[in-house]
Structure formats: structure tokens, C-alpha cells
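Numbering (my numbering), first residue to last: 79 to 547. Beta carbons: idealized from backbone N, C-alpha and C, even for Gly. If you're wondering where the values come from, they're calculated on a predicted model, not measured in any experiment.
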Amino acid sequence: MSVLDKIREVVGPKGFLDSPEAMEPHLVEWRGLFRGNAAAVVKPASTDEVAAVVRLCAEAKLPIVPQGGNTGLVGGGVPWEDGRSIVLSLARMDRIRAIDPLNHTITAEAGCILADLQKAAEENDRLFPLSLGAEGTCRIGGNLSTNAGGVGVLRYGNARDLTLGLEVVLPDGRVWDGLRGLRKDNTGYDLKQLFIGAEGTLGIITAATMKLFPRPRQVETAFLALRRVEDVMEVFARARAASSDLLTAFELIPRFGLEISIKHVPGVVDPLATAYPWYALLEVSSSQTETRLRDALEAFLGETIEAGLVADGVIAESGAQALDLWRIREAIVMAQAHEGGSIKHDVSVPVSRVADFITETSEAVAKRLPGIRPVAFGHVGDGNIHFNLSQPVGMEKEAFLALWEEMNRIVHDAVAARGGSISAEHGIGRLKRHELPRYKSALELELMARVKRALDPENLMNPGKILPE
């Protein structure tokens, strides 16, 4: 009996796909940058089934590509073209195992959709704060494997900061049960941190215990106009102080991003009567209802206008208006696709360097390619900028995308010069693995390779991802 036949016996007919049509959605990166092949797509329904499949693969030296919702942006969950591996999808493992409101924890399987996890927390009068554009389709295992960020990092931290414990199937098929709901556990190495952000290269996360927070009962949202990007971080600092550090999100939006969103995405409107070069979208929240958040926000807006930092602004009068303001931020991602080719960068720099990075790097790419249209936006409150480049009007898309590596060098060198990171929240995967040797020290790469060899000596877990071969 072949190893694939043995795997089919373990997961049953519902958990084994080998026809091209059934496998197709699992083989293509959603932006179309990568398309791989696989011997089969395997969908276990329990941790025991995952462990059994991994043991069979270890015996047969069959590589495994773990996959969550396949919403990643760097090709980390897409198999290689040789078809030697199986894709192991966690989609059927979607149960929430436990909620402990008093301990403020939730334990969920890796295939749980992020939005379902948020809903379960809300039903228990709690908040699970991880929030990102793909939350209706991405799965928590993938979020943890890429250390996802999103709009709430400023207040609550990345996925790494939200995780208390993990259950992981190791490359030899053994199961490490580290599902602890402890805030303090000083008994040696924090093993869970090895697997968070590892993109499935060290083991398969099958479940996690994560932090919950009191549910917000007062949320205020404001949309501010700025004349200069150089003022954005001073506005950010003042917003933190004015809100008693209750700032939940602080997002930067360029005028060009707003214009293309209005142009291409139904329902997006300019909330201000006059156009300005830059905007900041901010949110403050509290678990109490008797706070004077709105008064503080109104006072902050008046003071920053008087100081010349903010040119104009609006504070949402209702939940519906707040959603309209957030729709602008979310629409930028979709709108870029209608403007031709887009070379995307997910980078971070120290908060104090955000403005000069945007200004100087925009000038550098424009010098190399006149007419290029930078779209610098994102979670600048934590230093994360999505520095995307739209093709010049009239240029052929293929010719523009051929400059991808050259533009990467300009942008990533500017990031490195400021002590930043070439991947703030999307990961490395296939897309950026060849760039790591330029931006990580040889010692860092050696230590990472040692960890990989120690846990996965046969290189069967998502081979060829993150680390250059």
C-alpha cells in the first residue's frame, strides 16, 4: 500500500483530495503570484489525524505544506511546482474548544476562521482583538504561523503577543501539548514562540490558547487631514496622550489612496470638503461607558488644528459613519488592483522614522521611474507601512512588474538603513526568502538554520520557505 493510500485511510474520503479540480484552490496563491502542484490535499479532522498523517510522511520522507485559509501574501502556504509534497489543510479543524471568561482566554483549533473566533469572544462579552482585512476567510493557525498583525497591534500586540499556549504536531508526528492559559510561566524556554511566525517550517500548529480582553463599550473614530506627512507622528503622539493611551488604531492614508478608492470601490466617499495630501484614521476605545473619550477627542482635534498639525477633521457621529471611515482604509487594497501593476512592500521602521522613510523613499523610486505612484499607507502607529507602488499611467503592466526586484532593493535598503524590517506582518515564504541574506546577519541565519535542523532534520516541513536553501 502506498503512503497516499495509508493517508487516505487515516482521514477518510472527506479528508483526501487528489483530483485537479478539487485541489486547485489549495495550489494557487490568491494574488496569482505562485502556483504549485501537490501529490494530494489532505484535510485531517483532529489532532490525532494530523499526527498520524505526519508520522506516515516522516516514514516515507514525503514533504508537507501546512495551509490555513490560503490568504497569505508571500507564498508560504503554496506548494512548489514539482508536486512532491502534500498540502495539509487545517480547514476541517475549526472548533472552539473552550472559553474561560474569568481567565480571559479562548482555546481554538487552527482551522477556526478569525471572524468566528471574534464572534465567540463577543458572545461571551469579551474581545479577541486580532483584526485584519481577510478575517472572514483566514484561519487562526495561519495567523499564528505568520505572526499576523492588523489594525489593533498598537493597543493589543501581534498574534505572538496574544498567544498563551499552543498544541503542535512535530515533524516526527509527536504532539506537544502546550495549551496553557498562564500569563506567567518561568520554567525555561518559551517553546511556543518557536512556532509562531515560523510559517509551518518547524511543526504544525493544531490549536492555540489566546488572550481575551474586556469588550469595548465606547468607541470613537476620527478622520484627520494633514498638510505634511512629517506631522503624522507628532499627531500620533498627541493622540496617545490625549486619550489616556486608549488609542486602539492609528492608520495613515495618502490622498492618492483615497482617490482611487472613491474611483473604484462603491460606497467610498470623501468625508471632507477639501482635498489634502495626507490623512490619519484613528480609533480610541474603552471598556467603560462613562468615560469622556469623545470630549477628549474633540479637545485633541481642536488643539492640533490650532497648532497647525491638522488641517481639518471629522469625528464619527454614529457606528455607521465610523464604518464608512474604515471603509476608506480597507478599500485601498482593492482599489490598487484597478490601477494596473502594483509592487507591494510590507515593511516596518521605528515610529520616529516613518515620515522620513516615506518622503525619501518616494523620491528615490520616482527618480528611478518618473511617473511611478507610491501608495504609502497602513498601521504607522506601530511603524508598519504598506509601501506599495502603482505603475505609471500608460506604462505596460508587464514592463512595470519586471522592475520588482530593482524596486525591492531601493525600498528594502531604505528600510534597513533605518533599522527596520523587510516584513512587518506578512512573513517571508517564497517571495522574500532570497532577500534574507542581505538583511539578516550570517549569525542570525545560522541560528535559524540550526533550529530548523534540530526540529526537522529531514526538511519535510514546508521545505524551501523562509530560509534560503
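For the candidate residues the options, whose alpha-carbon lies nearest to that of residue i?
i	options	result
V493	F314, L242 and V427	V427
M311	R372, T382, S365 and P98	T382
G114	V156, S124 and V120	V156
I85	P103, P98, E137 and F112	E137
L324	S365, G507 and L82	S365
H464	I500, E441 and K475	I500
E102	V89, A319, L280 and V120	V120
A442	G418, V425, V152 and D491	D491
R258	E484, H104 and T185	T185
P541	R508, I338 and P355	R508
I211	H457, E522, K543 and E547	The amino acid at residue 211 is misidentified as Ile; the sequence shows Gly. For G211, the nearest C-alpha among the options comes from H457.
R511	R531, V132, M473 and N486	N486
P292	C190, Q196 and A300	Q196
L260	P249, A358, G251 and D239	D239
L533	I191, P249 and I218	P249
L379	G391, A237 and I506	G391
V411	E483, G461, N202 and I331	I331
W108	C216, D160, T284 and F455	C216
S322	R233, L514, G498 and P91	R233
A495	V425, L538 and H504	V425
V131	E308, G150, T265 and G281	G281
G505	E522, E474, R516 and K543	K543
L467	G498, S420 and V81	S420
V362	F334, R333 and A394	A394
By the three-class DSSP mapping on this structure, what secondary structure does residue i have?
i	result
N221	helix
S321	coil
S556	With the chain covering 79 to 547 only, the question about residue 556 has no answer from this structure.
E245	strand
Q196	helix
I85	helix
F435	helix
K289	strand
M539	strand
V156	coil
E187	strand
E417	helix
L168	coil
G335	helix
A212	coil
I544	coil
E47	With the chain running from 79 to 547 in the structure shown, residue 47 is simply not present.
G228	strand
F94	strand
Which residues bound the alpha helix (DSSP H) around residue i?
i	result
E137	T125 to A138
P144	Premise fails: P144 lies in the beta strand (DSSP E), I142 to Q145, not in any alpha helix (DSSP H).
L525	A520 to L533
E298	No alpha helix (DSSP H) holds E298; the beta strand (DSSP E) holding it covers Q296 to L304.
V411	G397 to Q414
A374	L371 to E384
I274	From DSSP, I274 is part of no alpha helix (DSSP H); its letter is neither H nor E.
A237	A237 to L240
A100	P98 to L105
V346	V346 -> no alpha helix (DSSP H), and no H or E assigned at all.
From which residue to which residue does the beta strand (DSSP E) around residue i run?
i	result
W575	With the chain covering only 79 through 547, there is no way to say anything about residue 575.
F455	R451 to F455
Y357	W356 to S364
G391	D390 to I393
I174	I174 to D178
S426	D424 to S426
A555	Lying outside 79 to 547, the shown extent of the chain, residue 555 is not represented and no answer is given.
Requested in this report: May I ask you to verify whether the stretch 403 to 415 touches the stretch 337 to 345, counting CB pairs closer than 8 Å and requiring at least 3?
Outcome: yes
Query raised in the report: Are three or more beta carbon pairs between the stretch 272 to 280 and the stretch 226 to 246 nearer than 8 Å?
Result: yes
Requested in this report: Mind listing, in chain order, the continuous alpha helix (DSSP H) runs of no fewer than 4 residues lying wholly within the stretch 471 to 517?
Outcome: 475 to 479, 482 to 495 and 514 to 517
Query - Inter-stretch contact (C-beta, 8 Å, three-pair minimum) for the stretch 89 to 105 and the stretch 177 to 193 - result: no
**Report entry** contact_flag[the stretch 135 to 151, the stretch 159 to 175] where n(CB pairs < 8 Å) is 3 or more
**Finding:** yes
Query raised in the report: Contact between the stretch 248 to 268 and the stretch 350 to 366: three or more CB pairs below 8 Å?
Result: no
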